[in-house]
Amino acid sequence: MRFYGSQGVPMLFMVTIGIGLVVGAAITGQTFLMFIKENARPLSMLKVVGTTDRQLGRMILLQGALVLGLGSCFGSAIAAAVCDLVRTQPFLRSLYLPWEIALGTCGALASVTGLALYASFRHVRALEPATVFR
Amino acid sequence: MVSDDPTAVRCTDIRRHFGEGEARVEVLCGVDHSVRRGELSFLVGPSGCGKTTLISVIAGLLEPTSGAVSLFGRNLGTMPPDERVLFRREHLGFVFQQYNLLQALTAAENAAVPLLAAGMRRLEAVDRARALLDRLGLGSRTGAYPRQLSGGQQQRVALARALVHEPRLVICDEPTAALDHATGEGGVYHFADVIAHMDDGRIVRTEAGPSSPVPTSPFPSTAPA
Numbered sequence: 003m004r005f006y007g008s009q010g011v012p013m014l015f016m017v018t019i020g021i022g023l024v025v026g027a028a029i030t031g032q033t034f035l036m037f038i039k040e041n042a043r044p045l046s047m048l049k050v051v052g053t054t055d056r057q058l059g060r061m062i063l064l065q066g067a068l069v070l071g072l073g074s075c076f077g078s079a080i081a082a083a084v085c086d087l088v089r090t091q092p093f094l095r096s097l098y099l100p101w102e103i104a105l106g107t108c109g110a111l112a113s114v115t116g117l118a119l120y121a122s123f124r125h126v127r128a129l130e131p132a133t134v135f136r
Numbered sequence: 727m728v729s730d731d732p733t734a735v736r737c738t739d740i741r742r743h744f745g746e747g748e749a750r751v752e753v754l755c756g757v758d759h760s761v762r763r764g765e766l767s768f769l770v771g772p773s774g775c776g777k778t779t780l781i782s783v784i785a786g787l788l789e790p791t792s793g794a795v796s797l798f799g800r801n802l803g804t805m806p807p808d809e810r811v812l813f814r815r816e817h818l819g820f821v822f823q824q825y826n827l828l829q830a831l832t833a834a835e836n837a838a839v840p841l842l843a844a845g846m847r848r849l850e851a852v853d854r855a856r857a858l859l860d861r862l863g864l865g866s867r868t869g870a871y872p873r874q875l876s877g878g879q880q881q882r883v884a885l886a887r888a889l890v891h892e893p894r895l896v897i898c899d900e901p902t903a904a905l906d907h908a909t910g911e912g913g914v915y916h917f918a919d920v921i922a923h924m925d926d927g928r929i930v931r932t933e934a935g936p937s938s939p940v941p942t943s944p945f946p947s948t949a950p951a
């Protein structure tokens with residue numbers, strides 16, 4: 003442990019995770035906003051025919067939950083598979099995926115997705131229904 | 727709750743502008759117009775004269791800068807936004823120029839959208855939409871996606887969506903755009919009870935439909951009476 007500490011590995015690891023979170027948040031947010039912008043007309047149409055902002059919010063939330071669920075499952079599965087594969091390698095024997103890490107990652111993903119959903123919802127609320135006529 | 731007022735739509739001195747300062751554009755300049763219940767009213771005029779803005783204001787989709795709109799005796803301006811959405815959902819149907827069907831839904835599901843938005847169970851809503859599509863001659867295409875339908879079939883699905891919840895007022899944006907000129911102006915206008923001519927953000931002339939001459943372009947730009 004002292005070896006890792008003196009090499010600055012944990013710090014580098016944390017920085018890498020931090021950068022990953024920021025990049026992930028940016029990509030997720032951008033993807034959700036792109037979706038909203040590309041679907042501005044159908045969303046406006048839904049608003050015109052009487053779909054409430056709350057109903058649209060639930061649709062966006064469902065979409066976010068799907069993205070989060072699929073992303074978490076695939077990500078965790080790939081991480082677990084990699085850990086399992088490298089277990090036989092002498093230098094990487096200590097690499098494993100504790101449940102705390104998997105849970106923490108899911109939490110971080112949920113935060114990132116939540117932020118992206120919030121931004122998307124604000125965008126949907128601000129959408130002018132009358133744009134459907136243009 | 728709507729009143730027994732025989733007037734379905736009443737617009738009183740509607741004004742609406744977009745932009746501010748030098749970019750300010752007056753789109754509606756004091757429109758007074760009314761539509762009686764059961765009346766088929768056409769709003770015609772050159773491109774950019776304010777037709778779409780006026781129907782957006784009538785439908786409660788745009789706030790007028792000043793003036794009042796009442797539908798079936800209810801003043802839209804005094805309604806809270808949420809109530810306005812519910813009012814629209816219950817009493818209004820829309821046909822858009824570009825149909826705006828949802829590509830991921832079938833014809834029946836598209837037609838059922840207003841019912842689903844109102845909270846009706848999916849199966850019941852889709853069944854009701856199917857029955858209406860059948861009446862419109864699309865009984866065999868209810869499971870088709872919009873991309874599998876012709877333009878005319880898509881238009882009928884859009885019409886079904888506008889009518890499926892039995893609204894009291896149907897607002898159509900450029901309903902004759904898909905028709906050729908002769909059918910559009912020579913045919914459809916003859917069904918109109920009233921034709922209101924718009925120009926420069928005003929209604930410049932209103933005439934009775936069937937007995938009136940077919941409107942021609944360019945439209946007269948006389949000052950309102």
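Residue numbers (this note's numbering), protein chains in the order written: chain Y, 3 to 136; chain H, 727 to 951. Ideal Cβ placement from N, Cα and C applies to all residues, glycine included.
- Between the alpha carbons of T33 of chain Y and L63 of chain Y lies a distance of about 14 Å.
- By the Cβ test, the stretch 848–863 of chain H is in contact with the stretch 877–895 of chain H, since at least three Cβ pairs between them sit closer than 8 Å.
- Counting every other CB atom within 10 Å of its CB across the protein chains shown gives Q880 of chain H a total of 16 or more, marking it as buried.
- In the pairwise beta carbon analysis, the stretch 864–879 of chain H is classified as not touching the stretch 790–801 of chain H: fewer than three pairs are separated by under 8 Å.
- Using a CB distance below 7 Å, the part of the stretch 112–135 of chain Y facing chain H consists of P131, A132, V134 and F135, ordered along the chain.
- Within the DSSP bridge table, the entry for I929 of chain H names H:M924 as partners.
- The Cβ of L754 of chain H sits no closer than 8 Å to any Cβ of chain Y.
- Boundaries of the beta strand (DSSP E) around T738 of chain H: T733 to F744.
- Only residues of its own chain outside the window of five on either side were considered, and among them P131 have a CB closer than 6 Å to the CB of K49 of chain Y, listed in chain order.
- Measuring C-alpha to C-alpha distances from V114 of chain Y to each of Y:L70, Y:F93 and Y:A104 identifies Y:L70 as the nearest.
- For R43 of chain Y, the chain H residues whose C-beta falls within less than 7 Å of its own C-beta are N826, listed in chain order.
- Bounds of any alpha helix (DSSP H) do not take in C775 of chain H, whose DSSP letter is neither H nor E.
- For Q57 of chain Y, the chain H residues whose Cβ falls inside 8 Å of its Cβ are A843, in order along the chain.
- Counted as a single uninterrupted DSSP element, the stretch harbouring V890 of chain H is not any beta strand (DSSP E), since DSSP gives it neither H nor E.
- One finds nothing in chain Y with a Cβ atom closer than 8 Å to the Cβ of P872 of chain H; even the nearest lies about 11 Å away.
- The alpha carbon of P893 of chain H has as its nearest neighbour, out of Y:L68, Y:G20, Y:V51 and Y:R89, the alpha carbon of Y:V51.
- H:G927 is the residue among H:H916, H:G927 and H:E835 whose C-alpha sits nearest the C-alpha of L754 of chain H.
- Where S792 of chain H is concerned, the enclosing beta strand (DSSP E) starts and stops at S792 to L797.
- When rounded, the separation of the alpha-carbon atoms in G59 of chain Y and P772 of chain H is 38 Å.
- When Cβ-Cβ separations below 8 Å define contact, T33 of chain Y makes no contact with chain H.
- Among the residues of chain Y, none has a CB under 8 Å from the CB of D925 of chain H; the nearest is roughly 19 Å distant.
- Proximity to F820 of chain H across H:V735, H:I897 and H:P901 peaks at H:I897, based on C-alpha coordinates.
- Residue environment for L849 of chain H: exposed (fewer than 16 other C-beta atoms within 10 angstroms of its C-beta).
- Taking the CA atoms as reference points, I781 of chain H sits about 8 Å from D899 of chain H.
- In the DSSP annotation of this structure, the continuous segment of the alpha helix (DSSP H) that includes V69 of chain Y starts and ends at D55 to V88.
- Here DSSP, grouped into helix, strand and coil, assigns G22 of chain Y to helix.
- By the Cβ-count criterion, K39 of chain Y is exposed, with fewer than 16 other Cβ atoms from all chains shown falling within 10 Å of its own Cβ.
- Listed along chain Y, the residues sitting closer than 7 Å to T778 of chain H by beta-carbon distance are F135.
- Listed along chain Y is no residue with a C-beta nearer than 7 Å to that of R861 of chain H; the closest approach is about 20 Å.
- Between M16 of chain Y and F822 of chain H, the CB-CB gap reaches or exceeds 8 Å.
- For F123 of chain Y, the three-state secondary structure derived from DSSP is helix.
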